[in-house]
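Working notes for the structure below.
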Amino acid sequence: MLAEAIYLQREQLIKDEFGDDVFNLIGNYSDLNSKHTAVQQTHSRFEVKSLEEEYYDTYINLERINDIQHINKFFETVNEKLPLDGIFIGCVETSRLRKARILKKYPRGISDVYYFFDYLLKRVFPKISFTKKLYFLITAGRNRVMSRSEIIGRLYSCGFEMLLEKTIGSNLYFFVKKNSKPTYDSNASYGPLFKMKRIGKDGKQIFVYKLRTMSAYAEYAQEYVYQKNKLADGGKIKDDFRITTLGKFLRKFWLDELPMIYNLFKGDLKLVGVRPLSQHYLSLYTLDIRARRLKYTPGLVPPFYADMPKTFEQILESERNYFDAYDKSPLLTDIKYFFKAFYNIIFKRARSK
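In this text, residue positions in the sequence shown follow our numbering: the first is 249, and each later residue adds one.
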């Protein structure tokens, strides 16, 4: 009887507050009748802390992630409370869903002005160091705007794996599974300049500086995006939703790579050479190319722009040919590849996507 009463209470709460569609969605992927299912509507991680550790195999939070100030701390606390393979269900109003809601709510013209200031105050200000503290002081972190990519990246960085995404109304509902402990990344970058972890010569981890073209925490979502979309021509991930509108512009004109000149002076990169890759992307390479890559200092101008390969296999062959030529004549090979890449970039308009 007690279990039935708890279920009816949960059913009424979800249906009254969020509607039948949300109730049916959650009910299809969780057991609301189970004593091992926790349901809360909170933006405080301290309420999550009050739950018994590893007693619940499913945790459902009905509060939008947008209203949680310390999002990663909240996710990390949920992670601590769940056993391995435990399920976490939550929701968020993504930046795209918010834009659609605002433009639909107000007449054209008024909605455009409203959206501009809403974007500036609630999406840009929280990510700039000198406005971030003021923003959180005024808002306490409530009603923050975040992209789908950022939320997915945050979840992965906190030890979760995406199982399902479903949009209902102006909210995106996510169903994730705990697959590891959180990374506890205390140095996440939000601003326009950021550093990426890459594999350099001899397998050494280096940090490559670029202007941001993707959302925050995008690097943690790389494996998820790859599994969903695979690779497009040219070896980049197909339909990569992590790239922002501004990011597409920066990539088109190579502006995002200007800070990498600093890496050139540091010696992490040389002018011509294979691009430094993330650990995940490097794992896609064949063992022989992977081993050869670690013998050389990566480069700012890769052989890719000299050969313009289309498929991933052609990219591997391009790099193999570069290594073979470089082993015979390092200086002449780099000069040849530099001018060939320069020609393709200037006259054939080869661009990063």
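Ideal placement from N, C-alpha and C gives every residue a C-beta, glycine not left out.
Between the segment 304-314 and the segment 277-290 there are three or more inter-stretch CB-CB distances shorter than 8 Å, so the stretches are counted as touching. For the pair of segments examined, the segment 513-521 was found to touch the segment 532-550: the number of CB pairs separated by less than 8 Å reaches three.
Across the set G448, Y363, N309 and V326, the C-alpha of V326 shows the shortest separation from the C-alpha of K297.
Within the same chain, R446 and I447 come within 7 Å of L525 by CB-CB distance, once the 5 residues on both sides are set aside.
Spanning the alpha carbons of Y421 and N272 requires a straight line of approximately 12 Å. For a cut-off of 8 Å, the C-beta gap from E398 to Y465 is around 5 Å, short enough to register as a contact. Contact annotation, K478 with K486: C-beta distance approximately 6 Å; criterion of less than 8 Å satisfied. Ranked by how close their Cα comes to the Cα of K414, the residues Y591, G338, I386 and K347 have G338 in first place. A straight-line Cα-Cα distance of about 19 Å links L369 and R460.
Per DSSP, I313 lies in no alpha helix (DSSP H) and is assigned neither H nor E. With respect to the 7 Å criterion, Y362 and Y354 are classified as neighbours on the basis of their beta carbons.
Beta-bridge partners assigned by DSSP to V549: V520. The Cβ atoms of V287 and R312 do not sit closer than 7 Å to each other. Residue pairing from DSSP places E413 in a beta bridge opposite F422.
In this structure, DSSP gives T431 a state outside helix and strand, which the three-state scheme calls coil.
With respect to the C-alpha of N309, the residue from F294, Y474, Q289 and I262 having the closest C-alpha is Q289. Put simply, the backbone Cα of I400 is about 14 Å away from that of T431.
In the three-state reduction of the DSSP assignment, Q289 falls in the coil class, being assigned neither a helical nor a strand state. When the beta-carbon positions are compared, R396 and T342 come within less than 7 Å of each other.
Ranked by how close their Cα comes to the Cα of S278, the residues K588, Y574, R568 and K425 have K425 in first place. Distances from the CA of M556 to each of L494, G407, G515 and Y585 were compared; the closest alpha carbon is that of Y585. Taking 8 Å as the upper bound for CB-CB distance, F323 and R371 are not in contact here, some 20 Å apart.
The three-state reading of DSSP puts G407 in coil, since its state is none of H, G, I, E or B. According to the DSSP assignment, I319 belongs to the alpha helix (DSSP H) that extends over I319 to K329. In this structure, the beta-carbon distance from D504 to K458 falls below 7 Å.
By the CB criterion at 7 Å, I416 and D269 fall inside the cutoff.
K329 is not a Cβ neighbour of E295, given a cutoff of 7 Å. Between the alpha carbons of S292 and F455 lies a gap of roughly 34 Å.
Taking 8 Å as the upper bound for CB-CB distance, N320 and V340 are not in contact here, some 14 Å apart. Rounded to the nearest whole angstrom, the C-alpha separation of F423 and R390 is 22 Å. DSSP, read as helix, strand or coil, puts I537 in helix. In the structure shown, the three-state DSSP call for L368 is helix. DSSP, read as helix, strand or coil, puts G389 in coil.
Looking at P578, F365, R346 and S428, the one whose alpha-carbon comes closest to that of M394 is R346.
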